[in-house]
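Trainee: Quick note on numbering: the sequence shown equals residues 2 to 563 in our numbering. Idealized CB from N, CA, C, for every residue including glycine.
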Amino acid sequence: MIWSVPADLRFTTYRAQPRRSLVGSPCDRAKFKLGKSIPNYFLLRRAHIGRTPRMPLGEVISVFAGQCGTQVSQAVWELMAVEHGVGPDGMLIDPSAETDYDKQSGNVFFMVDNKDRYVPRTTIVDTEPTVIDEVRCGLYRTMFNPRGLISGLEDMANNFGRGYYGVPQTLIDATINSIRKEVEHTDLLQAVLFCHAYGGGTGGGTACRIAELMDTEFMKIPKIEIAVFPDHQKSCCVVEPYNAILCCSTLDDISTFSVLCENEALTDICSKKLGIERPAFSHLNRVIAQATSGFTATLRHEGPVTASLPQLQTNLVPFPRLRYLQLGIAPLCTADVMSHEAFTVPELTLKCFEKENQMNTCDPKNSVMMACALLYRGNVPIKEITDSIEIFKKRSIVGLVDWCPTGFKVGVVERPPAVVKQSGLGKTCRQLTAVYNSTLVIEPFKCILHRFSTLLAKKAFVHWFLQEGMEEAEFCECADDVQAIMNDYIFIENCFNTGAECAEPPTVDRRFNNPCRGEEEEEEEEECAAEDCMNCDLDDIFNDEDNGCDDDCGENEGENGV
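(1) F230 to I177, Cα distance in whole Å?
(2) May I ask you to verify whether the segment 394-408 touches the segment 472-486, counting CB pairs closer than 8 Å and requiring at least 3?
(3) Tell me whether G276 is buried or exposed, calling it buried when 16 or more other Cβ atoms sit within 10 Å of its Cβ.
(4) Helix or strand or just coil, what does DSSP make of H49?
(5) In this structure, does DSSP put I255 in helix, strand or coil?
(6) In the segment 415-497, which residue ranges form an unbroken alpha helix (DSSP H) of at least 4 residues, counting only runs that do not cross its ends?
(7) Taking the Cβ atom as the reference point for each residue, do E155 and V109 lie within a distance shorter than 8 Å?
(8) Whole angstroms are fine: how far does the CA of D364 sit from the CA of A1?
(9) Take the Cβ of L426 as the centre, count every other Cβ of all protein chains shown within 10 Å, and call the residue buried at 16 or more, exposed below.
(10) Is V483 near the ligand SAM, in the sense that its beta carbon is under 7 Å from a heavy atom of that ligand?
(11) Taking a contact to mean a Cβ-Cβ separation below 8 Å, would you say K410 touches A308 in this structure?
(12) How would you write the range of the alpha helix (DSSP H) that V132 sits in, first residue to last?
(13) Could you have a look at P96 and say whether DSSP puts it in helix, strand or coil?
(14) What residue does the beta strand (DSSP E) around D156 start on, and which one ends it?
(15) What does D127 pair with, by DSSP beta-bridge criteria?
(16) Can you tell me whether DSSP reads R142 as helix, strand or coil?
(17) Does the separation of the CB atoms of F466 and G162 fall below 8 Å?
(18) Helix, strand or coil for Y119? Go by DSSP, reduced to three states.
(19) Rounded to the nearest angstrom, how far is the Cβ of Y199 from that of N244, given a contact under 8 Å?
(20) Considering only residues of the same chain and omitting the five flanking positions on each side of G400, which have a CB-CB separation below 8 Å?
(21) For the alpha helix (DSSP H) that E79 lies in, which residues bound it at each end?
(22) Taking the alpha helix (DSSP H) that Q359 belongs to, which residues open and close that run?
(23) Taking CB distances under 8 Å as the criterion, tell me whether S397 reaches chain C.
(24) Within 10 Å of its beta-carbon, does M144 have 16 or more other beta-carbons around it, so buried, or fewer, so exposed?
(25) For N264, collect the residues of the same chain with a Cβ closer than 7 Å to its Cβ; drop the 5 residues on either side in sequence, then sort them by chain order.
(26) If you measure between the beta carbons of S256 and K221, is that distance less than 8 Å?
(27) Which value, in whole angstroms, describes the spacing of the CA atoms of C28 and L328?
(28) Would you list the residues sitting across from G167 in a DSSP beta bridge?
(29) State yes or no: is the C-beta of I443 within less than 8 Å of the C-beta of I398?
(30) For V126, which residues from the same chain have a beta carbon less than 6 Å from its beta carbon, with the 5 sequence-adjacent residues on both sides left out?
(31) F161 by DSSP, collapsed to three states: which one?
(32) Can you tell me the Cβ-Cβ gap for V436 and F296, rounded? I've got them flagged as a contact below 8 Å.
(33) Which whole-angstrom value is the C-beta distance of E303 and V346, which I expect to be below 8 Å?
(34) At what residues does the alpha helix (DSSP H) containing E573 begin and finish?
(35) Near I390, which residues of its chain fall below 6 Å by C-beta distance, leaving aside the five closest residues on each side in sequence?
(36) I need the DSSP call for V240, collapsed to helix, strand or coil.
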């Protein structure tokens, strides 16, 4: 006698919850048709026992904004195509070698159309068509959906105000509609990957406008930033500090967490580690693509230890405002060096925290680490990972806070990394990508705030932003937000250095040292400080006119005096 699956069981297990069906894996679920006999079902379950545990994969949508984001997108999708065996036309290079799980892993970043073509789940937007036309006419032009390549007719002139307020509404609508279409083509959306530059007009202003609309429509979906932060010394434009501060403040409450990169650090990697005499932006973008591949490897491939985006969010962001992460990769060597060296797991772990392997210019040894995710690729035994973490803790290479005893989230992917020949990187059987939350971000914020205050003291170039509809008060309000974020990281560092007990960082004093604020206004704000207002009695407020605590004390506390 052959039993069939009842209709109620089919609807509740297969259709209502397709990712949690009784079969247990997408591969077996595809083989187990509706109405299949119960004995065949148990045979599939028996064959499934003993395999490597596989996490339920979900889709990831990527959005690239501005000139920087568009150029990075070319390098990212070039590497993703090589890693998943996809040709420039979107077709598989060797369809016979593809397994069922390869199809599922490729479905995370790609969508398979009716012609079995792998189409990236992406939207690339820029306000002027020059860089987008390079994608439309490039080698991988047939792989992209034309609906996801959006360009305008006017440059934003490195002006955050023009990119935020002056961008054409038709371009914004086309971008949101493209993102909405990509969301409709997903079954279990994990996150939205957002790549842009803080210092540009489109990458700063237009990207913030798009991110705000995305947050309104897709509020519960995590939004992960891969952002290029302005350098300490080198600068692409004069008003870059303005754009960076305004962008950072706007995205503070929108992004789940941000991974920061600096062009200066990427240039040092290309020149010192890869032996490239004159690194171009294409070389820098391929390093970012390699970091993105290592960062998202646990989402796309199987492994004994998984690390999904919700898990990374939970393990890397101890407090809501401390969400700026740093990233390191090891090894970073040429093909000649890689062919003569074999890196052990402890060596990879120690090398990943060296200054030369970081995506920013600061040294991790001078920082305090709150949380870290170690994402390994290749044949890496779990025992060696545990031993390498113990060695790392004993050597005290980086300061670790005492209120987070574990401190490390581990992810392991069995598939080794792929490389693009033009990147200059040598192919390796093992790779480590370390994503960590530390006080290393203090120095970049301090430098950008100093450059910001130097420009704002003379009100230099402010009139260009005011002409686009902005107000002077917005500058200091945004600087207050960035100053408060930096103060939270400084609070963590001071608690570690002094050995004091660390609670949640205070964010009461959000006032930026505004050079445009007058002395009289500063004295009024000091008289109406929050602590004085909380301590004074209501009778004294109404009886004594000189106590400085009037009805407007709450408003004066938040004023910026511009």
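Mentor: Once the coordinates are examined:
(1) 25 Å
(2) no
(3) exposed
(4) Because the pLDDT of H49 is 40, which lies under 50, any placement of that residue in the model is unreliable, and the question is left without a value.
(5) coil
(6) 443-458 and 463-467
(7) With respect to V109, E155 sits apart: the two C-beta atoms are not nearer than 8 Å.
(8) Nothing about residue 1 can be read from this structure; the chain reaches only from 2 to 563.
(9) buried
(10) No copy of the ligand SAM occurs in the structure displayed, which carries no ligand at all.
(11) Cβ distance < 8 Å, so K410 and A308 count as in contact.
(12) P130 to R137
(13) helix
(14) No beta strand (DSSP E) contains D156, which DSSP labels as neither H nor E.
(15) S152, per the DSSP bridge assignment.
(16) Secondary structure at R142: coil, using DSSP grouped into helix, strand and coil.
(17) F466 is a Cβ neighbour of G162, given a cutoff of 8 Å.
(18) strand
(19) 7 Å
(20) S368, V369, M370 and F497
(21) G67 to E84
(22) First-last for Q359: undefined, no H or E at that position.
(23) The displayed structure is made up of one protein chain only, and chain C is not part of it.
(24) Looking at its Cβ environment, which holds 16 or more other Cβ atoms inside 10 Å, M144 is buried.
(25) V229, D232, K235 and L285
(26) no
(27) Bear in mind that the predicted position of C28 carries a pLDDT of just 42, short of 50, making it too unreliable to give a figure here.
(28) BP columns for G167 are empty, so no partner.
(29) no
(30) A66, I151 and T176
(31) Helix at F161.
(32) 6 Å
(33) Rounded to whole angstroms, the Cβ separation of E303 and V346 is 19 Å, and the two are not in contact under 8 Å.
(34) The structure shown has nothing for residue 573, since the chain only spans 2 to 563.
(35) F409
(36) If DSSP states are grouped into helix, strand and coil, V240 belongs with coil.
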